[in-house]
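In the numbering used here, the protein residues as written are 6 to 393.
Glycine included, every Cβ here is placed at the ideal spot set by N, Cα and C.
Data first, discussion second: the structure below is written as structure tokens.
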Ligand code: SF4
Ligand code: SF4
């Protein structure tokens, strides 16, 4: 199987934040030190070599960038300051844009102007929607469900969920095709076995294998537990912080998309009510996690915070502002300030909607799906190989 060489690949990757890869002289120190690298999926040296050689197709087929949790160990010990951890991060951005069939992800990652413009455009559309269609603004009490009925918002939420799921799942399917279809990753197979293997992968591994390994996907999706294997106390804190952010926004996503009729009520729940407690947990988890990450990136306090792509800032800042404006709404409701609550509600959605519409299918959030998906697919592949 021949591989096409793309001499412009390394130049193209610079737009995604891969700036130091040409310094690598392939000593392999990073692969030796990486606690997540394995014999079957060694990294990061191998994929750095692919990009140096312009092997775009090989990169597309590589699961390794998604198996890296960016602990930074390899970057700290690279004798050439090639920053392999950051190279893997940039590769994840690049691959996300390659899986995305709409081309929006590429624009988002390679143009700060497009990124800012798209966020402002979605925010303006949300604002315009409220300006045109909002309900009566009662001032004798806070009546959020008269101003913006939860039944209407719920329908819009479900439409948004459908569109985002479609985009995300079709992109995930392209990832599946890319990483599952290439038997060339297994040099020990004969050409005939490779052909057979490829046919079986492309026509579909037996469904029971996908089903029996599905628990791996769920476990890794919920815990990102490979991160813990990175080792030091500081790295475990990084995992914990990541987990707080992930569980926080997953909770709030469920509350506002699936459970809005219980979450957006005009009466204020008692302190012990499960919906209120879940709201408080999500608020605390996101605010704490994003504040730690924002401060870390400003101070560049760790190797993993040394470089910040504009998409990193967009994700963190939008998430922080969404949470903070949510706290303000809660406060003005408690203080019975109707008009302020309505205006804050619109501002809150003008921040939250762009974050969901852009981040979930096209940007940073995709890691949340792609990482556990790759862990799961690698397990399925290993089982398939064992049967071959
Ligand atoms: S990135 Fe650094 S440690 Fe890794 S192979 Fe290249 S030079 Fe060696
Ligand atoms: S950043 Fe950590 S997990 Fe990623 S390749 Fe380097 S050592 Fe491995």
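Cut-off 6 Å between Cβ atoms - residues of its own chain near residue i, not counting five sequence neighbours on either side
i: residue 59; result: 10, 11, 12 and 14
i: residue 48; result: 42 and 69
i: residue 354; result: 131
i: residue 313; result: 302
i: residue 55; result: 63 and 64
i: residue 388; result: 214
i: residue 373; result: none
i: residue 371; result: 101
i: residue 110; result: 101, 102 and 367
i: residue 169; result: 365 and 366
i: residue 309; result: 75 and 77
i: residue 376; result: 71
i: residue 225; result: 377 and 380
Which listed residue (the options) has its alpha carbon closest to that of residue i
i: residue 81; options: 311, 17 and 244; result: 311
i: residue 114; options: 159, 294, 354 and 95; result: 95
i: residue 88; options: 267, 135, 37 and 26; result: 26
i: residue 108; options: 363, 390, 277 and 71; result: 363
i: residue 175; options: 389, 382, 376 and 367; result: 367
i: residue 288; options: 371, 76, 250 and 16; result: 250
i: residue 74; options: 143, 116 and 231; result: 231
i: residue 268; options: 228, 333, 150 and 244; result: 150
i: residue 318; options: 360, 282 and 349; result: 360
i: residue 4; options: 342, 331 and 343; result: The shown model of the chain, from 6 to 393, leaves out residue 4, and the question about it has no answer.
i: residue 184; options: 257, 61 and 224; result: 61
i: residue 155; options: 383, 57 and 263; result: 263
i: residue 141; options: 348, 170 and 320; result: 348
i: residue 17; options: 45, 383 and 98; result: 98
i: residue 307; options: 22, 172, 76 and 45; result: 76
i: residue 159; options: 270, 276, 178 and 224; result: 270
i: residue 121; options: 316, 343 and 365; result: 316
i: residue 23; options: 57, 46 and 33; result: 57
i: residue 116; options: 33, 282, 21 and 46; result: 21
i: residue 256; options: 283, 244 and 92; result: 283
i: residue 124; options: 334, 320, 343 and 340; result: 320
i: residue 276; options: 46, 339, 106 and 233; result: 339
7 Å CB neighbourhood of residue i in its chain, flanking five on each side removed
i: residue 358; result: 127 and 131
i: residue 85; result: 28, 29 and 30
i: residue 52; result: 64, 67, 69, 70 and 96
i: residue 79; result: 35, 38, 39, 49, 89 and 90
i: residue 391; result: none
i: residue 246; result: 294, 297 and 298
i: residue 252; result: 290
i: residue 352; result: 330
i: residue 274; result: 280 and 281
i: residue 144; result: 343 and 344
i: residue 335; result: none
Three-state secondary structure (DSSP) of residue i
i: residue 34; result: helix
i: residue 150; result: helix
i: residue 143; result: coil
i: residue 23; result: coil
i: residue 210; result: coil
i: residue 366; result: helix
i: residue 293; result: helix
i: residue 237; result: coil
i: residue 284; result: helix
i: residue 342; result: coil
i: residue 6; result: In this predicted model, residue 6 has a pLDDT of only 47, less than 50, meaning its place in the structure is not dependable; the value taken from the coordinates is given anyway. Coil.
i: residue 255; result: helix
i: residue 13; result: coil
i: residue 222; result: helix
i: residue 278; result: coil
i: residue 299; result: helix
i: residue 311; result: coil
i: residue 359; result: helix
i: residue 323; result: helix
i: residue 264; result: coil
i: residue 270; result: coil
i: residue 305; result: coil
i: residue 373; result: helix
Close Cβ partners of residue i (< 8 Å) along its chain, the five nearest in sequence each way excluded
i: residue 215; result: 385
i: residue 119; result: 112 and 113
i: residue 337; result: 147, 345, 346 and 349
i: residue 163; result: 262
i: residue 326; result: 356
| query | Residues with a Cβ closer than 7 Å to any heavy atom of ligand 2, in chain order? | reply | 35, 38, 39, 40, 41, 42, 48, 49, 73, 74, 75, 76, 77, 78, 79, 80, 89, 90, 93 and 235
| Which ranges does the alpha helix (DSSP H) cover as unbroken runs of at least 4 residues, wholly within the stretch 57-111, from first to last along the chain? | 61-66, 69-72, 78-82 and 89-104
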